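Asker:
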Amino acid sequence: MTLLEKLLGSTLVSRRGQVPTDQALENKSVVGLYFTASTCHPCQAFTPILATVYRNMSLAAYKSLAMKDQMDVVLVSMDRDEFAFRDYLLQTPFLAVPFQRRQVAQDLWKRYDVKKIPTLIFVNEHGDEIERDGRRFIENHYMDVPTIWQHLDMRQQREEMP
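Mapping of the sequence shown onto UniProt numbering: position 29 corresponds to residue 29, and the numbering continues sequentially without gaps.
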């Protein structure tokens, strides 16, 4: 079990239901931790952009560019209402920390020193930050999936150097 799996807990949720974290993140070298809330207006503006990038990375993987196979996004909700959380999750293709595990979300918030939402922090499989300002990077490059992957891959390799 990786440190990231320990931080996220044993299960994540998706639109389709619960999934074991170790299976969901198997072979993922990069994970975007997306701190957000359904009632946050900047989040409502950024979520569709991030979802488009995620889907485009899936399409690139389908076309044998094999990018998305190594990356995933986990929604870390700051919602206080479970219905709002579930409705918000249904609008995204992402995995999420289950609403019932609010302490996990709060622990991640503290660990990664999140100051505001939306915040997108890309981490490696060990939970080490590889891109702290993921939101700005995605907003600046959302139409260029190869550049996004190249940037994240380069940052990840730099993080792994001794």
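C-beta: ideal position from N, C-alpha, C; glycine also. Fair warning: this is a prediction, and the values are worked out from it, not measured in the lab.
Can you pull the DSSP bridge partners for Thr11?
Answerer: Sequence index remark: in the sequence shown, residue 11 carries index 11 (1-based). Paired residue(s): Pro20.
Asker: When DSSP builds the beta bridges, which residues end up paired with Tyr88?
Answerer: Locating residue 88 in the sequence shown gives position 88, where the first residue counts as 1. According to DSSP, which records beta bridges pairwise, Tyr88 is partnered with nothing at all.
Asker: Classify Phe83 as buried or exposed, calling it buried when 16 or more other Cβ atoms lie within 10 Å of its own Cβ.
Answerer: Mapped onto the sequence shown, residue 83 falls at position 83. It is exposed - the Cβ of Phe83 has fewer than 16 other Cβ atoms within 10 Å.
Asker: When you compare the CB positions of Thr11 and Thr21, do they come within less than 8 Å of one another, or not?
Answerer: Locating residue 11 in the sequence shown gives position 11, counting from the first residue. Locating residue 21 in the sequence shown gives position 21, counting from the first residue. Yes, they are a contact pair.
Asker: According to the Cβ coordinates, are Leu152 and Tyr34 closer than 8 Å?
Answerer: Within the sequence shown, residue 152 is the residue found at index 152, counting from 1. Within the sequence shown, residue 34 is the residue found at index 34, counting from 1. Contact flag unset, no.
Asker: Determine the closest residue to Pro118 out of Asp107, His126, Ile138, Glu125, with distance taken between C-alpha atoms.
Answerer: Taking the first residue of the sequence shown as position 1, residue 118 is located at position 118. Nearest option by C-alpha distance: Ile138.
Asker: Residue range of the beta strand (DSSP E) that Ile130 falls in?
Answerer: Here the question's residue 130 lines up with position 130 in the sequence shown. Taken as a continuous stretch (DSSP letters only), the beta strand (DSSP E) holding Ile130 covers 129–131.
Asker: Could you have a look at Ala51 and say whether DSSP puts it in helix, strand or coil?
Answerer: Along the sequence shown, read from residue 1 onward, the residue named residue 51 stands at position 51. Helix.
Asker: Sorry if obvious, but does the Cβ on Leu59 come closer than 7 Å to a heavy atom of the ligand COA?
Answerer: With respect to the ligand COA, the structure shown offers nothing to examine, as it has no ligands at all.
Asker: With burial defined as no fewer than 16 other Cβ atoms inside 10 Å of the residue's Cβ, what is the status of Thr147: buried or exposed?
Answerer: One-based indexing of the sequence shown puts residue 147 at position 147. Looking at its Cβ environment, which holds fewer than 16 other Cβ atoms inside 10 Å, Thr147 is exposed.
Asker: Evaluate Asp128 with the Cβ neighbour count: other Cβ atoms within 10 Å of its Cβ, from every protein chain shown; 16 or more gives buried, anything less gives exposed.
Answerer: For this step, residue 128 is matched to residue 128 along the sequence shown. Classified as exposed, Asp128 has fewer than 16 neighbouring CB atoms from the shown chains inside 10 Å of its CB.
Asker: Pair every Cβ in the segment 78–96 with every Cβ in the segment 44–57, then say whether three or more of these pairs are closer than 8 Å.
Answerer: They touch, by the three-pair rule.
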